[in-house]
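Since the structure comes first, as structure tokens, the remarks are kept for the end.
There are 2 protein chains.
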Amino acid sequence: MKYRKLLRVNLTTGAINEEDIPPLTVANFIGGRGFGVNYLYNELKPGTDPLGPENKLIFSIGPLAGTGAPSSSRWIVTAKSPLTGTYFRGCGGADFGAWMRFVELDMIIVEGKTESPVYLYIENGHYEIKNGKNLWGKNTVETEQAIKEIHGPKATSACIGPSGERLIRYATIAVDRGHCAGRGGMGTVMASKNLKAIAINPTGGVKAPSKDFKALIARELAEFQRFIRGEPGSPPFSEKGTTGGVDGTNILGVYPVRNFREGSLDEWKKISSDEYLALKVKSVSCYGCPVHCDREVRVKSGPYAGVSTKGLEYETIWAFTGCIGSNDIGFPVAADLLCDELGIDTISAGVSMGFAYELFEKGIITKKDTDGLELVWGNHEAAFELLKKIANRQGLGDILAEGVKRASAYFGRGSEDYAMHIKGLEMPAFDVRGVKWHGLAMATCPCGAFHNMAFSTQELFGNPWPRSVDRFAEEGYADINKINEDWTAVVDTGIWCNFIGEWQVPSLNLLRELLPAVTGVPQFADEKTIFQVGERITNLERAFNVREGFDRKDDIYPKRFTTELLKKAGPSEGSIIGNFGKMLDEYYAIRGWDQNGIPTIEKLESLGLGQIAKDIIKQRK
Amino acid sequence: MKYRKLLRVNLTTGAINEEDIPPLTVANFIGGRGFGVNYLYNELKPGTDPLGPENKLIFSIGPLAGTGAPSSSRWIVTAKSPLTGTYFRGCGGADFGAWMRFVELDMIIVEGKTESPVYLYIENGHYEIKNGKNLWGKNTVETEQAIKEIHGPKATSACIGPSGERLIRYATIAVDRGHCAGRGGMGTVMASKNLKAIAINPTGGVKAPSKDFKALIARELAEFQRFIRGEPGSPPFSEKGTTGGVDGTNILGVYPVRNFREGSLDEWKKISSDEYLALKVKSVSCYGCPVHCDREVRVKSGPYAGVSTKGLEYETIWAFTGCIGSNDIGFPVAADLLCDELGIDTISAGVSMGFAYELFEKGIITKKDTDGLELVWGNHEAAFELLKKIANRQGLGDILAEGVKRASAYFGRGSEDYAMHIKGLEMPAFDVRGVKWHGLAMATCPCGAFHNMAFSTQELFGNPWPRSVDRFAEEGYADINKINEDWTAVVDTGIWCNFIGEWQVPSLNLLRELLPAVTGVPQFADEKTIFQVGERITNLERAFNVREGFDRKDDIYPKRFTTELLKKAGPSEGSIIGNFGKMLDEYYAIRGWDQNGIPTIEKLESLGLGQIAKDIIKQRK
């Protein structure tokens, strides 16, 4: 097989170079998320300013992207996060990943910073840093459109919106408007480099796959169909996408309401998946994906009547209902559209607003701060105004644009107790008091409160693989967390979309045939080797954070979860996190990390990360 | 000579033991401050909670204390500070130091914590932890009186006041009411151990000094008389104590007014040293000191008429005039009395109030926060009420009792810009924009913004030794800082009171005779050896802080000094700190520290601190 290729673009010097990705890197990391953390760890100095020119923005895809394999063309973006100061990995969909394959790039590493706005233009073997002044200020839809107007309709692009330009700390990188790398401010890093967009316009032909490979793909697709039709316990993604989560979490009592005080929304059926299904206009799909989990929806009545959006996920619905205690079905649609166009993470925006609502209730902020907005629970009109303030960094919005951790430091007076985040990343739509192992996964996640890097399908969907989990237990399941993490890391190498991978469909047997075929690494016929890649990625991510000074002290919940009983929570009523330290102990032990959450030398060496082990010894005295 | 002795008291276990102080410790550290940092470094684990039982409270005296030598009986108290988290050294006067000598203890190390209030009672060779419940709640004057009632009039004591008991973070340890170890919360550490007082009642005879030693003392006294009569450039301490500072700093334009916005007070002559001299009732002196810098004063008219206090220093006058923009002569007297009785550091209290006044002006706090107090510049009546709130930890006072660093974190909204502190210790009465090398000394001082550990007599009194200093220059005088620091460290070993030592009177020649005689270390006949002790102490203090994570990033000014021009400042008008980084570079280089302010291995080894060098390597990777 031929070498995989990366493009290194230095915006400070203007240098653009192709580099080979060594075969050993493929054998150790497969692609995607593995490539990202490997290069970020090796190329970033500890203490790098996430918004300085020394941070790097790394796009990477997996070996299956653009090959015709289903649900495999997502792209990963890796950088040090301006929200968390940790390693961070975003992930987006649509066609950008496939287009990277078509121009034969497995990675793009963006370094440095230009003095004025630019965009990067890529054809097969042709790379150019182009003047982006005319794009600056445009929203994501306008930007993509403008690029198509300049370079033709086949040109796709990943871009930032106006909120990114204003360095809102949780700006997204958008492809096809709604298919964002949404969390952790990857768009903010891009904006800090004055890079408005990366446009890809494939000019080479797409190679036809071999007959053998085609047969493999056919078998894979058949497996996926089982899932799409609805395996027991798997969510009906093809029909409703992630909106089914609204029903599931409200029934379980883990749908966080009013800034994580309650576990279900008043009259939540007003925003159930059936209600959103009734608004569906058409299905939307990423490149080469038979699941088509995405939908376009249009609001039928009420103050947002006529507004339509696509990519309306469970998390976004929650961000604009649960967070502020509203059950208006239209507001999430309107807010999602705004966030997509301006390039804002909906989760961080929603949680920041819920935080502001609680400060308003407690009197820590007043109408003087809100320019008269009445931030009372349920008031979605005020929320819409506040969201615009965040997007434009106006008044109170300028402070909330920093995220709840920094906003609470700004407002003081005990407001940190209401700042719902882990390591600076705003909490997503799961109350950890009712899904304690999913919670542990977020507390230990290298990116902060990220729900998709070890999603506990066991707790949330009753997935019995590898065994069932008691969601209220505080001991005995850390091994499942390790498996979920390592497995998701493998999935994130670009084998599959998370929504396929997380439910362990298709089978490992298929993977053992697929991976050797696409990577040229025969060792991947061994299941253990595959899982070891996941473990290697997880440990390297942890090592990155350790090098930045993170350890056990940072694997911590907002105070609320350990001091307040969960209310209005049906079967989760009255739950609370009891002995979290014990859960951490169990998890660290299973991981082969020390009591302080630092990977042991033995563990790192067993994963072939000996040099990293030396770094850690150096770092930790 | 016989071994010097320390008393180790463990309040948790009740164990009390005498230990020998090794001769090598005397040769390396002389006594006092040197002993304190040596034991604190060796016995404290990094990361120790300053208010936890693991912190230690170390009292130490120097070799001349109680020997009949003049101005030599001050006592040093060393602990990790609850305000700064650094090494800290307090220093107090009156008779406590001499009494330690009379019971033949060079040091007392207090460890652990009792469950209920106690006091430590000491006679010659007899030590007892006694029930202190009846003393708890008493103010410092009442406490000392009660101890004399129990143990007889010869019993002296060092004690905490009610504000210490309430763990106000800048509580003092008082002897004879006004002779406090005032700064850095040494009283808070004592209170955290439930130790109300240490009472000393000497029951042995005081040995008559040898004839030779008597002759030395006589020569020393003669030298001191030159100073007391007023050497050129030396302040008239015997007449006015430190109150002369009011005139000098207002004339120079470095008397900080309205939370360090201006450099002289409106109508400052209303509070000049002559005005305070007119209030003098009588002179007050520490044990065996011919200088008698202290005075009792009584207010003649106005709202505080009839109130009297002693130990009214320059800093205290400033804390209750300049900080809040008042020029009422009586308020500092009344406030000083309150602070002495309740056991509060006047500087930290005054700066905390000035901070609150500025927040009130800026609207960051309102009458809702102040319980209706109008904190407008010049309002000393409101300040008196606020001071009582601090002392009792009521309302706003409860927050200001944490010091301005923590209070600004509490209030947020940019209030850290108005929090005038270095490393958490509130700034004293010198505007660094007009005395830039004195400022550098405070920025690099191991205890934070402490003015007495390298007092720049060169800038403030025109002292030409070792050479004159341009107070507006930003390069060329870091060597003087080093000399001032190392020299003060030697003085603080208990050779002399700071007020004698800082003005380099008497001569080094006398010291070369005195030190070998009192320590039994012939090497002290060499001036270099003496200065090396100072350098050893300074470096060990720095190493303590490095081990706690402090470095260049912490040697920093409040923003105001580098962004706002000094106003109303006469000859200092319009001054500002320009390139502070360059001053730091120069200082670190002279010190033999690296660019990050870490002592180099070579420097530490040259001072016989090889083991500490190893610790630093361990710590710094």
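Chains E and Z, in that order, give the protein sequences.
Under our numbering, the residue at position 461 of the first sequence is numbered 461, and the numbers go up by one with no gaps.
The number in our numbering is simply the position in the second sequence, starting from 1, with 1000 added.
Even glycine gets a Cβ: it sits at the ideal position worked out from N, Cα and C.
Quick caveat: nothing in here was measured; it's all calculated off a predicted structure.
Whole-Å CB distance - Gly-570 (chain E) paired with Ser-273 (chain E), under 8 Å assumed
Wrong, their Cβ atoms sit about 17 Å apart, outside the cutoff.
Which same chain residues, not among the five before or five after Ile-393 (chain E), have their C-beta less than 7 Å away from its C-beta?
Note that residue 393 (chain E) is Arg in the sequence shown, not Ile. Leaving aside the five residues that flank Arg-393 (chain E) on each side, the residues in its chain whose CB is nearer than 7 Å to its CB run, in chain order, Arg-166, Ile-168 and Ala-401.
Please classify Thr-1013 (chain Z): is it buried, with 16 or more other beta-carbons within 10 angstroms of its beta-carbon, or exposed?
Thr-1013 (chain Z) is exposed by the Cβ-count criterion.
Would you mind reading off the limits of the alpha helix (DSSP H) that contains Ser-1348 (chain Z)?
Per DSSP, Ser-1348 (chain Z) belongs to the alpha helix (DSSP H) from 1346 to 1362.
Helix, strand or coil at Val-77 (chain E) according to DSSP, with G and I counted as helix:
Per DSSP, reduced to three states, the secondary structure at Val-77 (chain E) is strand.
Closest Cα partner of Trp-1268 (chain Z) within the set Z:Phe-1499, Z:Glu-1586, Z:Asp-1247 and Z:Leu-1279
Residue Z:Asp-1247 is the option with its Cα nearest to Trp-1268 (chain Z).
Kindly say whether Arg-1413 (chain Z), judged by its beta-carbon, lies nearer than 8 Å to any beta-carbon of chain E.
With 8 Å as the cut-off, Arg-1413 (chain Z) counts as an interface residue toward chain E.
Backbone secondary structure at Arg-1309 (chain Z) - three-state DSSP
With the sequence shown as reference, residue 1309 (chain Z) is identified as Thr, and Arg is not the correct amino acid for it. Looking at Thr-1309 (chain Z) - three-state DSSP - the assignment turns out to be strand.
Tell me, please, whether the CB atom of Ala-613 (chain E) is closer than 8 Å to any CB atom in chain Z?
So, not an interface residue.
Counting pairs of beta carbons, one from the region 332 to 340 of chain E and one from the region 305 to 320 of chain E, are three or more of them closer than 8 Å?
Inter-segment contact for the region 332 to 340 of chain E and the region 305 to 320 of chain E is present: three or more beta-carbon pairs are separated by less than 8 Å.
Range of the contiguous alpha helix (DSSP H) that encloses Lys-1553 (chain Z):
Element bounds for Lys-1553 (chain Z): n/a, residue is neither H nor E.
Can you look up Lys-1635 (chain Z) in the DSSP assignment and give me helix, strand or coil?
Look at the range of chain Z in this structure, 1001 to 1621, and you will see that residue 1635 (chain Z) is not part of it.
What are the boundary residues of the beta strand (DSSP E) that Ile-1121 (chain Z) is part of?
Looking at the sequence shown, residue 1121 (chain Z) is not Ile but Tyr. Element bounds for Tyr-1121 (chain Z): 1118 to 1123.
Where the region 1388 to 1420 of chain Z meets chain E: residues whose CB sits under 7 Å from a CB there
So the close ones are Ala-1409, Tyr-1410, Phe-1411, Gly-1412 and Arg-1413.
With distances taken between CB atoms, is the gap from Cys-1447 (chain Z) to Arg-1089 (chain Z) smaller than 8 Å?
Closer than 8 Å, so yes.
Leaving out five residues before and five after Ser-468 (chain E) in sequence, what residues of the same chain have Cβ atoms less than 8 Å from its Cβ?
Taken in chain order, the residues that qualify are Gln-458 and Gly-462.
Quick check on Asp-1470 (chain Z): does DSSP put it in helix, strand or coil?
Three-state result, Asp-1470 (chain Z): coil.
Residue from E:Thr-346, E:Pro-303 and E:Asn-194 whose Cα sits closest to the Cα of Phe-331 (chain E)
It is E:Pro-303 whose Cα lies nearest to the Cα of Phe-331 (chain E).
Would you call the region 1046 to 1065 of chain Z and the region 1486 to 1503 of chain Z in contact, with 3 or more CB pairs under 8 Å?
Touching, per the Cβ criterion.
Straight-line gap, Leu-1006 (chain Z) to Asp-1020 (chain Z) (C-alpha atoms, nearest Å)
One C-alpha to the other measures close to 6 Å.
Leaving out the 5 sequence neighbours to the left and right, which residues in its chain are closer than 8 Å to Glu-1115 (chain Z) when beta-carbon positions are compared?
Non-local beta-carbon contacts of Glu-1115 (chain Z) in its own chain, meaning distances under 8 Å to residues more than five positions away in sequence, involve Asn-1194 in chain order.
How is Arg-1004 (chain Z) classed by DSSP in three states: helix, strand or coil?
Looking at Arg-1004 (chain Z) - three-state DSSP - the assignment turns out to be strand.
With C-beta atoms as the reference, is Thr-1188 (chain Z) less than 8 Å away from Cys-1180 (chain Z)?
Against a cut-off of 8 Å, the Cβ pair of Cys-1180 (chain Z) and Thr-1188 (chain Z) comes out as no contact.
Looking at C-beta atoms only, is the number of pairs between the region 1201 to 1221 of chain Z and the region 1118 to 1133 of chain Z that lie closer than 8 Å three or more?
Short answer: they touch.
Just the Cα atoms here: how many angstroms apart are Ile-601 (chain E) and Ala-613 (chain E)?
Using only the alpha carbons, I get a separation of about 5 Å.
Do the region 518 to 532 of chain E and the region 103 to 114 of chain E touch if we need at least three Cβ pairs shorter than 8 Å?
No: the two stretches stay apart, fewer than three of their Cβ pairs being nearer than 8 Å.
Going by DSSP in three states, Val-647 (chain E) sits in which element: helix, strand or coil?
The structure shown has nothing for residue 647 (chain E), since chain E only spans 1 to 621.
Am I right that Val-118 (chain E) and Leu-11 (chain E) are in contact with their C-beta atoms under 8 Å? What's the rounded C-beta distance?
Yes, they are in contact, since the Cβ atoms of Val-118 (chain E) and Leu-11 (chain E) sit about 7 Å apart, within 8 Å.
Can you tell me the Cα-Cα spacing of Ile-1228 (chain Z) and Thr-1242 (chain Z), whole angstroms?
Those two C-alpha atoms are separated by around 13 Å.
Within 8 Å, strictly: CB atoms of Arg-1471 (chain Z) and Lys-1436 (chain Z):
Annotated as proximal: Arg-1471 (chain Z) and Lys-1436 (chain Z), with beta-carbon spacing under 8 Å.
I need the straight-line Cα distance from Arg-1512 (chain Z) to Ala-1208 (chain Z), nearest angstrom please.
Roughly 23 Å between the two C-alpha positions.
Asp-1354 (chain Z): which of Z:Gly-1439, Z:Gly-1378 and Z:Gly-1608 sits nearest, CA to CA?
Checking the sequence shown, residue 1354 (chain Z) turns out to be Gly, not Asp. It is Z:Gly-1378.
Measure the C-alpha to C-alpha separation of Pro-135 (chain E) and Val-175 (chain E) and round it to an integer number of angstroms.
The residue you asked about is not Pro; residue 135 (chain E) is Leu in the sequence shown. The alpha-carbon atoms of Leu-135 (chain E) and Val-175 (chain E) are separated by roughly 15 Å.
Which listed residue (E:Ser-326, E:Asp-95, E:Gly-245 and E:Gly-608) has its alpha carbon closest to that of Glu-315 (chain E)
Ranking E:Ser-326, E:Asp-95, E:Gly-245 and E:Gly-608 by Cα distance to Glu-315 (chain E) puts E:Gly-245 first.
Report yes if the CB atom of Ala-1543 (chain Z) is closer than 8 Å to the CB atom of Tyr-1041 (chain Z), and no otherwise.
Going by beta carbons, Ala-1543 (chain Z) and Tyr-1041 (chain Z) fall inside the 8 Å limit.
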